[in-house]
Amino acid sequence: WSPLLVAVQRRLAPAAAALLELGADVEAKEPCCGWTPLMYAAGSGRKDLVQQLLAKGASVNASAPRHNWSPLCSAIQSGSEDVVHALLAAGADLQAVKRQHPAIADIYRQEMAQYQAREAPAAQSAKASGALYRTDYSQSC
(Lines of atoms letter the chains of each structure in order from A and count residues from 1; the text may use other names and numbers.)
(Lines give C-alpha, C1' and ligand atoms only; values in the text may rest on other atoms or scores of the structure.)
Protein backbone atom coordinates (compact mmCIF):
# COMPACT_ATOMS: atom_id res chain seq x y z
CA TRP A 1 0.00 0.00 0.00
CA SER A 2 1.32 3.42 -0.94
CA PRO A 3 0.64 6.52 1.15
CA LEU A 4 -1.44 7.92 -1.73
CA LEU A 5 -3.62 4.80 -1.85
CA VAL A 6 -4.24 5.09 1.88
CA ALA A 7 -5.05 8.82 1.68
CA VAL A 8 -7.47 8.31 -1.20
CA GLN A 9 -9.11 5.25 0.32
CA ARG A 10 -9.68 7.21 3.55
CA ARG A 11 -10.95 10.22 1.56
CA LEU A 12 -8.26 12.52 2.89
CA ALA A 13 -8.22 15.04 0.04
CA PRO A 14 -5.68 17.45 1.59
CA ALA A 15 -3.25 14.60 2.29
CA ALA A 16 -3.76 13.21 -1.21
CA ALA A 17 -3.16 16.66 -2.72
CA ALA A 18 0.06 17.05 -0.73
CA LEU A 19 1.28 13.61 -1.78
CA LEU A 20 0.47 14.37 -5.42
CA GLU A 21 2.46 17.62 -5.22
CA LEU A 22 5.39 15.60 -3.87
CA GLY A 23 5.19 13.33 -6.91
CA ALA A 24 3.31 10.32 -5.54
CA ASP A 25 2.75 7.54 -8.05
CA VAL A 26 -0.83 7.95 -9.34
CA GLU A 27 -0.72 4.45 -10.81
CA ALA A 28 0.39 2.65 -7.63
CA LYS A 29 -1.71 -0.49 -7.27
CA GLU A 30 -2.85 -2.08 -4.06
CA PRO A 31 -1.42 -5.58 -3.70
CA CYS A 32 -4.60 -7.63 -3.45
CA CYS A 33 -6.68 -6.75 -6.50
CA GLY A 34 -4.59 -4.15 -8.27
CA TRP A 35 -6.85 -1.17 -7.64
CA THR A 36 -5.38 2.28 -8.34
CA PRO A 37 -6.01 5.47 -6.38
CA LEU A 38 -8.41 6.61 -9.13
CA MET A 39 -10.54 3.48 -8.67
CA TYR A 40 -10.86 4.20 -4.95
CA ALA A 41 -11.56 7.90 -5.52
CA ALA A 42 -14.21 7.12 -8.14
CA GLY A 43 -15.86 4.60 -5.84
CA SER A 44 -15.97 7.10 -2.99
CA GLY A 45 -17.86 9.62 -5.09
CA ARG A 46 -15.20 12.27 -4.41
CA LYS A 47 -15.08 14.27 -7.63
CA ASP A 48 -12.39 16.51 -6.14
CA LEU A 49 -10.06 13.55 -5.63
CA VAL A 50 -10.88 12.17 -9.09
CA GLN A 51 -10.03 15.51 -10.70
CA GLN A 52 -6.78 15.83 -8.73
CA LEU A 53 -5.68 12.36 -9.82
CA LEU A 54 -6.65 12.92 -13.45
CA ALA A 55 -4.79 16.24 -13.46
CA LYS A 56 -1.65 14.40 -12.33
CA GLY A 57 -1.95 11.83 -15.12
CA ALA A 58 -3.91 8.96 -13.59
CA SER A 59 -5.13 6.57 -16.28
CA VAL A 60 -8.89 6.96 -16.69
CA ASN A 61 -9.05 3.46 -18.20
CA ALA A 62 -6.78 1.64 -15.78
CA SER A 63 -7.95 -1.91 -15.22
CA ALA A 64 -7.47 -4.03 -12.13
CA PRO A 65 -6.14 -7.34 -13.46
CA ARG A 66 -8.11 -9.55 -11.13
CA HIS A 67 -11.59 -8.54 -12.33
CA ASN A 68 -10.99 -6.03 -15.15
CA TRP A 69 -12.42 -3.37 -12.84
CA SER A 70 -12.02 0.26 -13.88
CA PRO A 71 -12.53 3.67 -12.29
CA LEU A 72 -15.75 4.00 -14.31
CA CYS A 73 -17.04 0.71 -12.85
CA SER A 74 -16.37 2.08 -9.36
CA ALA A 75 -18.15 5.35 -10.06
CA ILE A 76 -21.19 3.68 -11.62
CA GLN A 77 -21.49 1.19 -8.79
CA SER A 78 -21.28 3.99 -6.19
CA GLY A 79 -24.03 5.94 -7.94
CA SER A 80 -21.99 9.13 -8.22
CA GLU A 81 -23.30 10.89 -11.33
CA ASP A 82 -20.78 13.73 -11.03
CA VAL A 83 -17.86 11.32 -10.99
CA VAL A 84 -19.29 9.23 -13.84
CA HIS A 85 -19.63 12.36 -15.97
CA ALA A 86 -16.12 13.54 -15.03
CA LEU A 87 -14.62 10.19 -16.02
CA LEU A 88 -16.55 10.06 -19.30
CA ALA A 89 -15.43 13.62 -20.08
CA ALA A 90 -11.84 12.50 -19.43
CA GLY A 91 -12.20 9.64 -21.93
CA ALA A 92 -13.34 6.67 -19.84
CA ASP A 93 -14.30 3.72 -22.04
CA LEU A 94 -17.97 2.96 -21.46
CA GLN A 95 -17.88 0.25 -24.14
CA ALA A 96 -15.29 -1.71 -22.14
CA VAL A 97 -17.58 -1.58 -19.11
CA LYS A 98 -20.47 -2.85 -21.23
CA ARG A 99 -18.37 -5.76 -22.54
CA GLN A 100 -16.74 -6.79 -19.27
CA HIS A 101 -19.43 -5.93 -16.72
CA PRO A 102 -22.93 -5.96 -18.23
CA ALA A 103 -24.57 -5.65 -14.80
CA ILE A 104 -22.65 -2.42 -14.15
CA ALA A 105 -23.71 -1.14 -17.58
CA ASP A 106 -27.33 -1.88 -16.61
CA ILE A 107 -26.90 0.25 -13.47
CA TYR A 108 -25.50 3.03 -15.67
CA ARG A 109 -28.50 2.85 -18.01
CA GLN A 110 -30.90 3.10 -15.07
CA GLU A 111 -29.01 6.02 -13.55
CA MET A 112 -28.90 7.86 -16.88
CA ALA A 113 -32.65 7.40 -17.33
CA GLN A 114 -33.24 8.88 -13.87
CA TYR A 115 -30.78 11.70 -14.57
CA GLN A 116 -32.42 12.55 -17.88
CA ALA A 117 -35.87 12.50 -16.28
CA ARG A 118 -34.67 14.99 -13.66
CA GLU A 119 -32.91 17.17 -16.23
CA ALA A 120 -35.68 17.17 -18.85
CA PRO A 121 -37.67 20.05 -17.30
CA ALA A 122 -34.53 22.20 -17.03
CA ALA A 123 -33.58 21.38 -20.61
CA GLN A 124 -37.04 22.31 -21.90
CA SER A 125 -37.01 25.56 -19.93
CA ALA A 126 -33.53 26.45 -21.17
CA LYS A 127 -34.45 25.60 -24.75
CA ALA A 128 -37.58 27.76 -24.52
CA SER A 129 -35.48 30.68 -23.27
CA GLY A 130 -32.92 30.20 -26.04
CA ALA A 131 -30.13 29.12 -23.70
CA LEU A 132 -27.71 26.37 -24.61
CA TYR A 133 -28.26 23.19 -22.63
CA ARG A 134 -26.67 19.80 -23.08
CA THR A 135 -29.17 17.16 -24.09
CA ASP A 136 -26.85 14.94 -26.13
CA TYR A 137 -25.98 11.92 -24.04
CA SER A 138 -23.90 10.16 -26.67
CA GLN A 139 -22.20 8.01 -24.04
CA SER A 140 -25.43 6.25 -23.09
CA CYS A 141 -25.58 2.47 -23.24
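Residue numbers (mature numbering (1 follows the signal peptide of the UniProt record, and there is no 0)): -28 to -1, 1 to 113.
Don't be surprised by glycine CBs; every beta carbon is placed ideally from N, CA and C.
Go ahead and pull the three-state DSSP assignment for residue i.
| i | result |
| --- | --- |
| Ala(-1) | coil |
| Ala62 | coil |
| Ala34 | coil |
Out of the options, point me to the one whose CA is closest to residue i's CA.
| i | options | result |
| --- | --- | --- |
| Leu44 | Val(-23), Leu21 and Ala77 | Ala77 |
| Gly63 | Val(-23), Val32, Leu(-25) and Ala(-1) | Val32 |
| Lys19 | Pro(-26), Ala75 and Val56 | Val56 |
Just checking: is the beta-carbon of residue i within a distance shorter than 9 Å of some beta-carbon in chain D?
| i | result |
| --- | --- |
| Leu10 | You won't find chain D in this structure, because it holds only one protein chain. |
Tell me the rounded alpha-carbon separation between residue i and residue j.
| i | j | result |
| --- | --- | --- |
| Lys70 | Ser35 | 14 Å |
| Leu60 | Ala27 | 15 Å |
| Leu(-25) | Gly51 | 24 Å |
| Gly6 | Tyr12 | 11 Å |
Exposed or buried, what is residue i when buried is set at 16 or more other beta-carbons lying within 10 Å of its beta-carbon?
| i | result |
| --- | --- |
| Gly(-6) | exposed |
| Ala14 | buried |
| Pro3 | exposed |
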